[in-house]
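Heads up: the protein sequence lines correspond to chains A and B, in order.
Everything in the first sequence is counted per this note's numbering, starting at 80 for the first residue and increasing by one.
Everything in the second sequence is counted per this note's numbering, starting at 61 for the first residue and increasing by one.
So the structure is just underneath, and the comments pick up after that.
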Amino acid sequence: MPRDNSIKSVLVIGSGPIVIGQACEFDYSGTQACRVLRAEGIRVILVNSNPATIMTDPEFADATYIEPITAEYIEKIIEIERPDAILATLGGQTALNAAIALNERGTLAKFNVRLIGADIPAINRGENRELFRAIVEKVGGESSKSIICHTIDEVLAAAVVLNYPVVVRPSFTMGGLGSGIAFDEPSLRQIAGAGLTHSPTTEVLIEESIIGWKEYELEVMRDHKDNVVIVCTIENVDPMGVHTGDSITVAPAMTLTDVEYQRLRNLSIDIIREVGVATGGCNIQFAVNPVDGRIIVIEMNPRVSRSSALASKATGFPIAKIATKLAIGYSLDEIQNDITKVTPASFEPTLDYVVVKAPRFAFEKFADADPRLTTTMKSVGEAMAIGRSFAEALQKALRSLERKEAPFSWPAPASSGEIAALLKSIEIPTEYRLQQVQRALWWGVSIAEVFDACKIDPWFLNQIVELNEAAKIIALPGELTDEILHNAKQLGFSDKQIGELRGISESDVRAARANLDVHAVYKTVDTCAAEFEAFTPYHYSSYEQETEVKSRTKPAVIILGSGPNRIGQGIEFDYSCVHASFTLRDSDFETVMINCNPETVSTDYDTSDRLYFEPLTLEDVLEVVRAEELAGPVLGVITQLGGQTPLGLAAGLKAAGVNILGTSPEAINLAEDRGEFGEVLAQQELVAPKFGMAASQMEALKIAHEIGYPVLVRPSFVLGGRGMEIVYDDESLSGFIARATDITPDRPVLVDRFLDSAIEIDVDALFDGSELFLGGVMEHIEEAGIHSGDSACVLPAMTLTPEMADEIAVATEKIARGVGVLGLINIQFAIAEKQLYVLEANPRASRTVPFVSKATGVPLAKAAARISVGATIAQLRSEGMLPAGNGKAKGISVKEAVLPWNRFRRVDGRGVDSVLGPEMRSTGEVMGIAATFGESYAKSQISSFGPLPKAGKVFVSLADKDKSHGIAPAKSLIELGFSILATTGTAAYLREAGISVTEVRKYSEGQGAMGQRTIVDLLHAGEIDLVINTPVGRGTRADGWMIRTAAIQRSIPCITTTAGFAAAVSGIAALQQGEMSVKSIQKWLA
Amino acid sequence: MSKALLVLEDGRIFTGNSWSVTGITFGEAVFSTGMTGYQETLTDPSYHKQVVIMTAPHIGNTGMNSPDEESNKIWVSGFVVRNPSSVVSNWRSERSLEDDLIAQNVIGISGVDTRALTRHLRDRGAMKVGIFSGTELSIEEMVTQVRSSGAMAGAYLAQDVSTDKPYVVPALGEKKFIVAALDLGIKAATPRSMAARGIEVHVLPAKTSFAEIQALNPDGVFISNGPGDPSTMNETVELVREVLSAKIPIFGICFGHQILGRALGFESYKLQFGHRGINQPVIDKVTEKVEITAHNHGFAIKAPTTGTFTTVFGPGHVTHVNLNDDVVEGLALLEQPAFSVQYHPEAAAGPHDANYLFDRFVELMAANPVGEVNA
């Protein structure tokens, strides 16, 4: 049966901002869904609050709503658009939860709109633990013994029955949020307490521990005819106990016989049928006891997941695309396999290569956070690598992480004490455990001992032993022969690693390889192990006998992606790369994408003409360039769109003779080198905040006195986990230097004048060598000093005078010209006392490019790509890609950052501090768009999980420096009908200003004699609706920190700046004024 | 590690390392795309006289164990892998793969660009191959030797793989039926699947006569899988015709399917490179459901895939078709209790989606009691 013709319009629900556990894989899946639906002539309505997504580009839907993903807002959209159906299985847990809420609200019934993919009962059967356990039992499977609890008392009783350690799993949360392993009562109280809070149904599951068991995940698809296929089997190298998102994983499974694999397959099929996922994908997780093979079904997601994206990239089987087709009525046998063109999608991909995924963490951004890996996901991104062996894929994956600690190394033997300590630390999973495992094996610890410590399957351990053996051979003195090089390369050793082992440079190894003609060949991901011809050039490197790169005649443009998501470099950059690929393809170039991030749209095999799934290192990129040069003409490489990663490769590529398109490496250096950039500014008569470089503590104090406090201080060489800080006096400056730096003349400390209470401005612009196009001038809501990525901002700027706006435009052009930009430039300015300061310039696409593009309707990244290959701004204007004049915002758009505080705890179990600072810590962003600032800001807060209250109690605690700025918004709050609570100091200050305040006790004061509660007690009791708490100087002064962490735990919005306070008041006013409206981007831009 | 060469009939040569046993071997080069189940593949008699190339790169990870053997012998004439595992990791493992290969004198080659080799066979078709290690032969001599080795087309191999003497696999639980199973290279999983359904399976040598079958008074006759060219199986084809005439329910798998097809008057032909893997989509034309199935065949039956056809045993139809390439995968008579499939419902290795065919055989026997027909 072909598709269901009763479906004429579909509402696709996206996944919102990038958060830990839910990243750009849902942009990839949602984009596929939109494409499929539009190709079928179905009207597509989309809701997603995340502007950095490809799916929210106006051309991917008929009506795109960048609005909060809540039942309330979606109902407004449904009311306007009247879709026939809702597709909620491709937007992660957010979309699924929204669907459940819409059902509970009665919206689905009211507007007679149905869910396609999975219906509400199926979602419940998959997600509700009790129902799911019953299903597992019914199909003859086994669940781990567990008890459902709704209170802490029930939790403690359950632990008595099951014995410690026990696993805590809250219901209906994503990425394992709130879950963990408790080894004793105190840890159980703390984990389960938080879990009960995080669960929307106040429900947690307490479960017998199966830590150390082997872990598998199967990706399953089903159609309406009840055909079921397994797309991929993923095996976790890290056994049970580490969230699968934080585990190194491998596909296909490596350590199962067919008999055992078929058991998992049969269970998966029985489960998807019994749960009743009508059509589409789901994933099912299993634990297998390595001693006797006992199988435990862990859980299932009745939707497309992060693993589905990985499985799609690992196999070439586009799960989201197929799931969408199935949802509108096709069956698997009616859908063609894109890659082979002749075979149907009703088959199971078979791999003739090995895929390894490795997680990327950001612990250095959260210095207080507990570094242990648990069942709560903490990684912020991942890299995937493909090789013809596990060893090759693993080594490629590790270098794809772009961490100097990640690739294996082979240091000299250690003392027995060090080895014993290493073996001990392997017992606890942490970010670099596998590297510790490799080192222990290198230092002679046996596989059996290492297995006992970490339970990583001996097969994987032996693979690492074989790598160590190979390292020994590579390190032997004598010539680097063809055989040594080939063997090393087949095991995934990089030129850098070979150089380190032999005490020579990476470039010497590269030269030796070139002499012996040892080069990578490229194989194809084809879903079928070469049984059928592949028509999609989706390649990976290996050191084999035959390459599959086809020759071509069109000139190629190679685009470097941005690698694994990390804080500060994520989906926004992938967005720009994808745009470049689309527009250059339209301009008749052959586009070649290199990237190693499986979550992205850029690594979809049909985004570019050719895809190389490769690490973004100089070596790996040079090999691809070489292969493409052999295949046909190569115009050059675009490095300015993928963020810092490709930008960092530009100089090396150029030195190797590769043409860099757009801004030259010399110009990049001009902007990045402080001294040289200072000269550019001086020549253009622009002002930067004063700064100095200190080689000692005395010198730092001297500089601080010269330029005046406050100063922003940071080490020029960043030590692990310690960044920059704003200090207000000698004491805290000395303290920071002693604590966080390793100051010597070789390792100086940078001391910058910090512009207190300055307005910060972010500009994105295009420059073609002679003309400037000002894409957007954004005003930050938080003052300068908060990292621009963590600050909310508004477009258009709200407080700029026309004179200042002109000055900014002129300064932007001067810098673009002075640096020599060809393409995009992002500049951060600060305005303090009517003086414009230049903070920094980045000659590349910035994080804000997609936001500006959505707010103004101008495709900046596409234009930058075109300028890189020779187009002028005048030409792009005549084509209609750029408008006349500069970019102009339609409506008022607010971008707000989303922060991952609730993911991290300190070793003592308490929350990490949530204060914003000069170090970026947000994982994603949302956009609110409306006719007024207040409404737009209020929407942005709803979307970023901190909805502002319309009424109630506000706790206000202001640092001395902030008190004067707090009066006006506090007054407004009273006028809006709120009551204000404050502790002594702030209360006295506000009273003096004529504001009525209820005084409450500080946490440090403890409860009063009459049992009067402290502010922290009130927060935990849920009696406070909003917290305004600006931090005092540095760090975690106990009171402020307790307040902020309590607010995070209770999900009470917590604002830490006075500017944010003022914005919140406007937002509250807008909320009180009544109905918030929704409007599609297409209408805004019309 | 000493070098080894893989030499194809058309002169293409792949280099690798000598693995398991050093020496010279010949066979038909075929590739198998299963990611699991190398043990079942090696012990499947249908691979007799074939050099099997595994497309999955890591082979041997889970070792070898007795319960998963499809016969008591490794049948492949040579084994080609990318990365043999030097250790075994699995709770059921009893021995390492390489030890078993050495014990049974099976010549292997490792480190081969198996993907390039597979692409070559896909484009040029299955062909003769030789593995050479520890030899002084020149390349020309190797190619000459490969070309003069035995071909699969026209090969009669049933006597090599069939049991010498009949044996019985007892029914599990209550015995409901007796089946005479003609062993042309039967896999252990087949009698196991039947026994699990209450069938007492009498496994019989390939040369068994119709009278010997009748003497067992079976409820059904099963014709097994096996190696070789179905066009050489005239005696068995005749035997099957006798069974058909007697209206005893028949079920054939793989080679057995080709023989039933020939007994019904269809021709068999050699596929370009065959189907060998565990991910093949087959549609049941009656239910329109797709099953993911295990395949191992280089020949197929030519029959009309739409409508019905007529045979001397009455009308019939093609029941199953491969969705990848439209190859006939199943046949059934409409007025007689006989059906067959080209693929492997017994799986091992492979998905269990097609297990229902054994139930269908049981139903067929229940609906067509032999005694009544004969009476």
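We put the beta carbon where it would ideally sit given N, CA and C, even for glycine.
Exposed unless 16 or more other CB atoms sit within 10 angstroms - verdict on A:I782:
buried
Applying a beta-carbon distance threshold of less than 7 Å, which residues of chain B neighbour A:M333?
H118, N121
Please list, in chain order, the chain D residues whose beta carbon lies closer than 7 Å to that of B:S149.
Among the protein chains in the structure shown, which are A and B, there is no chain D.
C-beta neighbour in chain B for A:A550, strict 8 Å:
The Cβ of A:A550 sits no closer than 8 Å to any Cβ of chain B.
With a 10 Å radius around its C-beta and 16 neighbouring C-beta atoms as the bar for buried, classify A:G1073 as buried or exposed.
exposed
How about B:R257 and B:F418: are their beta carbons less than 8 Å apart?
yes
Hey, is B:M202's beta-carbon within less than 8 Å of any beta-carbon in chain A?
No, B:M202 lies away from the interface with chain A (no Cβ there is under 8 Å from its Cβ).
Quickly, what does DSSP pair A:H859 with across the bridge? List them, please.
A:C872
Which ranges would you report for the alpha helix (DSSP H) in the stretch 958–1033 of chain A if only whole runs of at least 4 residues count?
1012–1022
Could you check if A:S660 is buried or exposed, using at least 16 other CB atoms within 10 Å of its CB as the buried criterion?
buried
Can you check which of these residues, A:S88, A:I97, A:E138, is closest to A:T110 by C-alpha distance?
A:E138
Which term fits A:N242, buried or exposed, when burial requires 16 or more other beta carbons within 10 angstroms of its beta carbon?
exposed
Per-residue contacts from A:P423 into chain B (C-beta, under 7 Å):
P341, L383
Pairwise C-alpha distance: A:T1077 and A:R451
Taking the straight line joining both Cα atoms gives about 41 Å.
In chain order, what residues of the same chain lie with their CB nearer than 7 Å to the CB of A:A406, ignoring the 5 residues before and after it?
Within the same chain, A:A406 has close Cβ partners L166, I195, G196, T358, G359.
Is any beta-carbon of chain A found at less than 8 Å from that of B:N143?
B:N143 has a beta carbon lying within less than 8 Å of a beta carbon in chain A.
Anyone know if the C-beta pair for A:V766 and A:V917 falls short of 8 Å?
A Cβ-Cβ contact shorter than 8 Å links A:V766 with A:V917.
Compare the C-beta of A:Q517 against all C-beta atoms of chain B and say whether one is closer than 8 Å.
no
Going along the chain, which residues of the stretch 599–612 of chain A sit with their C-beta nearer than 8 Å to a C-beta in chain B?
K602, C607, A608, A609, E610, F611, E612
Could you have a look at A:M1121 and say whether DSSP puts it in helix, strand or coil?
helix
Outcome for A:Q914 when other beta-carbon atoms lying within 10 angstroms are tallied against a minimum of 16:
exposed
Under 8 Å between beta-carbons, which chain B residues line up against A:S468? List them in chain order, please.
Per Cβ cutoff of 8 Å: P117, H118, R142, N143.
For A:T742, count the other beta carbons within 10 Å of its own beta carbon; 16 or more makes it buried, fewer makes it exposed. Which is it?
buried
What residues of chain A sit near B:G97, judged by a beta carbon separation below 7 Å?
D337
For A:P1110, the three-state DSSP class (helix, strand or coil):
A:P1110 falls in the coil class under three-state DSSP.
Could you tell me the alpha carbon to alpha carbon distance between A:T429 and A:F611, rounded to whole angstroms?
12 Å
Entirely enclosed beta strand (DSSP E) segments - the stretch 751–779 of chain A, minimum 3 residues
770–773
Can you give me the Cβ contacts of A:G799 inside the same chain, cut-off strictly under 7 Å, excluding the 5 residues immediately before and after it?
Legend: pLDDT at A:G799 = 35, less than 50; position of this residue unreliable, value from coordinates given subsequently. Cβ within range, chain order: E443.
Relative to the ligand FAD, is the shortest distance from any of its heavy atoms to the C-beta of B:Y227 smaller than 7 Å?
With respect to the ligand FAD, the structure offers nothing, as it holds no ligand at all.
Whose CA, out of A:A388, A:I290, A:D302, lies closest to the CA of A:A330?
A:A388
Beta-carbon separation of B:I134 and B:V166 under 8 Å?
yes
Kindly list the residues whose CB is nearer than 6 Å to the CB of A:T1115, restricted to its own chain and excluding five residues on each side of it in sequence; keep chain order.
With a pLDDT of only 43 at A:T1115, under 50, the local geometry of the prediction cannot be trusted, and the value read off the model is given with reservation. The beta carbon of A:T1115 sits closer than 6 Å to those of D992, all from its chain and outside the five residues before and after it, given in chain order.
Between A:P369 and chain B, is the shortest Cβ-Cβ distance under 8 Å, so that the two count as touching?
With 8 Å as the cut-off, A:P369 counts as an interface residue toward chain B.
Alpha carbon to alpha carbon, what distance is there between A:A238 and A:I285?
7 Å
Show which residues of chain A have a CB atom less than 7 Å away from the CB atom of B:H412.
Going along chain A in sequence order, the residues near B:H412 (Cβ under 7 Å) are Q341, N345.
Specify, as a first and last residue, the run of the alpha helix (DSSP H) that A:I946 falls within.
Counting along the chain, A:I946 sits inside the alpha helix (DSSP H) bounded by residues 939–947.
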